[in-house]
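J.:
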Amino acid sequence: MKDLEEQSSWGAAEPSPELLKELEVRPALPGEMERVRRLLDDEHYLGAGRAVGRTLVQIVHHRGGWAALLVWGPAAVKLLDRDEWVGWTHPQRAGRLGLLVQNRRFLVLADARMPNLASRSLALAVRHLPEHWESLWGYRPLLAETFTDIEAFEGTCYKAAGWEPCGLTKGFGRHRADFYREHDRPKKLWLKALSRNARVILRATDLPAAYRPGMEARSAERTLPLKRREIDSLREALREVPDPRSANRCWPISVLLSLVCVALLAGRRNLAEIHRFGQFLTQQQRGWLGFLPKKGGVGGRRAPSYQALYNLLRQLDPELLATVLNRWLERSRGNLPHALALDGKYVRDLVLTLGLSEHGSGAPAAMLIASREPKSEQAKTEGETTAAKRLYRGVTLSGATVTGDALHCEREGMQRVVEAGGDFLFQLKANQPRALERAEAIAAVQPPLFPAAPPTPGTDGSSSGT
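Take 3 as the starting number for the sequence shown in the numbering used here and just add one per residue.
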């Protein structure tokens, strides 16, 4: 039985523009999946494969007759070229991988093959992919990926449909026996942004609410920002912090503080998130952090309770913890990077954490844990600016540029940065009208990031033009 109704139209050597313009795409219905699998097994060189995780099948058709099939599924966990293209951190990748989809199969049916049909079908399917995925899974993906076997296919249709080639894989393939085997056939990686700001959103500090349903529910919680050796040295360092609790305590202070510090370094913003972070760690990771065995000695290790963390933070001297933590950071990370972002946040209104982190990777360089129990938003603001000045005194900023929001754009703090050997780039807003007016006047004459005069011509006889 033919899968298309108008074979004479599809069999033409050169398809008419009208025919290609009439192509439509829709998600496959549950009752059509048996036919989809049969066609893929019969006509695709990889067969239908096995559906894993979130999956979407699209059908490209012409007046009801099937022309092409596309199968989408979860993205690869780790691809060096893709991850460099996105520019995200390891924790971001682990948490946001669900916002990427992989084109697992693309088949133009044998009865429908003709010039330009593949690229036209692919472009049409990708254009509707975000809305189709959202109707099935509740959110829109941001990036699509796929692979082509360079020994068998040139990937012409992907290039024609606007996909970007992005390096080769290392030649390992997934076998049906559920293990990886080397096949000596590297594949070309192709990427296609599904939103104009896909890269910006994927690596943003705060993911927009519309995309949060696509975050991995568990894997993000299990991604540690430190390796085991670093965790071991951190736990050893935190044993130096005096324990303010009474003698009848259950959890060692080094274990609780290790969880707090690792969770903060992983981007958790409050005590509830820190507690949740501990709850979702694997048994191996719990062992690295020194979590206690479950009562009765069976069933693995248990995570600290919210109350245990709360009681410690409520009584802890934050200055002592900051001293130990910064000493460990300096010893572990070496010299400060050249671009540092300043960020402060409160943990359950108990303590303020203020950190300097590397712009590119988000890796922490220094941290201050400061004031306790602010009574108002004004107290929070004053606490953060005061803590920043103390933080500058405790680090060497030689060759570094510190960036921050308008909260930190005040004379004493900027002077402290310069005295520590660094430069600063802080936002300036209308709450400082005179300074803003002066800055706008200077920028009107000479924009700060661009030359005011044309560059001097080169001396090598070369010239430039547009």
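Ideal placement from N, C-alpha and C gives every residue a C-beta, glycine not left out.
(1) Identify which residue in LYS229, PHE108, ARG37 and LEU138 has its Cα closest to the Cα of ASP151.
(2) Is the region 76 to 85 close to the region 108 to 126, with three or more CB pairs under 8 Å?
(3) Please classify GLU238 as buried or exposed, where buried requires at least 16 neighbouring CB atoms within 10 angstroms.
(4) How far does the alpha helix (DSSP H) with LEU71 in it extend, from its first residue to its last?
(5) ARG270 and PHE279: beta carbons closer than 8 Å?
(6) Is the distance from the Cβ of CYS168 to the Cβ of LEU191 below 8 Å?
(7) With a threshold of 8 Å between beta carbons, is CYS252 in contact with chain C?
(8) Reducing DSSP to helix, strand and coil, say where LEU356 ends up.
(9) Drop a sphere of 10 angstroms on the beta-carbon of THR207, count the other beta-carbons inside from all chains shown, and report buried for 16 or more, exposed for fewer.
(10) If you pair each beta-carbon of the region 226 to 243 with each one of the region 320 to 330, do three or more pairs fall below 8 Å?
(11) Do the CB positions of LEU204 and LEU144 come within less than 8 Å of each other?
(12) Any idea what DSSP makes of GLU24, helix, strand or coil?
(13) Assuming the contact rule is C-beta atoms closer than 8 Å, ASP85 and ARG95 should be a hit. Round their C-beta distance to whole Å, please.
(14) Per DSSP, VAL62 is paired with what?
(15) Answer with buried or exposed for SER248, where buried requires no fewer than 16 other C-beta atoms within 10 angstroms of its C-beta.
(16) Once the 5 residues before and after ALA441 are set aside, which same chain residues still bring their CB inside 6 Å of it?
(17) Taking Cβ to Cβ, would you say GLU166 is nearer than 8 Å to LEU193?
(18) GLN286 to LEU266, Cα distance in whole Å?
(19) So which of GLY298, ASP44, TYR308 and PRO244 has the shortest CA-CA distance to THR325?
(20) Could you tell me the distance, in whole angstroms, from the CA atom of HIS63 to the CA atom of GLY55?
(21) Hey, quick one: how far does the alpha helix (DSSP H) through LYS161 stretch, first residue to last?
(22) Are GLY89 and ARG201 close, meaning C-beta to C-beta below 8 Å?
(23) Report the option in ASP113, ARG98 and ASN118 whose CA atom is closest to the CA atom of GLY157.
(24) Compute the beta-carbon to beta-carbon distance between LEU58 and PRO29, rounded to the nearest angstrom, for a pair I have assumed lies under 8 Å.
(25) Within the same chain, show all residues whose beta-carbon is closer than 6 Å to that of ALA162, passing over the 5 residues directly before and after it, in chain order.
(26) Using three-state DSSP, classify PRO167 as helix, strand or coil.
(27) For ILE61 versus LEU48, is the C-beta distance shorter than 8 Å?
(28) Could you tell me the boundaries of the alpha helix (DSSP H) in which ARG231 lies?
(29) Rounded to the nearest angstrom, how far is the Cβ of GLN317 from that of PRO246, given a contact under 8 Å?
(30) Relative to the alpha-carbon of TRP74, which residue among THR91, LEU102 and ARG98 has its alpha-carbon at the smallest distance?
(31) What is the DSSP secondary structure of ARG440, reduced to helix, strand or coil?
(32) How many whole angstroms separate the CB atoms of LEU261 and LEU291, which I take to be in contact at a CB cut-off of 8 Å?
(33) Under three-state DSSP, which class holds VAL110?
(34) Taking a contact to mean a Cβ-Cβ separation below 8 Å, would you say TRP253 touches PRO295 in this structure?
T.: The structure says:
(1) PHE108
(2) no
(3) exposed
(4) Unbroken run through LEU71 is the beta strand (DSSP E), 67 to 76; no alpha helix (DSSP H).
(5) yes
(6) yes
(7) The structure shown contains no chain C; it is built from a single protein chain.
(8) Confidence at LEU356 is low in this model, with a pLDDT of 45, below 50, so the placement of that residue should be treated as unreliable; the coordinate-derived value is given next. Three-state result, LEU356: strand.
(9) exposed
(10) yes
(11) yes
(12) coil
(13) 6 Å
(14) VAL27 and ALA70
(15) exposed
(16) LEU430
(17) yes
(18) 20 Å
(19) PRO244
(20) 26 Å
(21) 158 to 162
(22) yes
(23) ASN118
(24) 6 Å
(25) SER121
(26) strand
(27) no
(28) 230 to 240
(29) 4 Å
(30) LEU102
(31) helix
(32) 6 Å
(33) strand
(34) no
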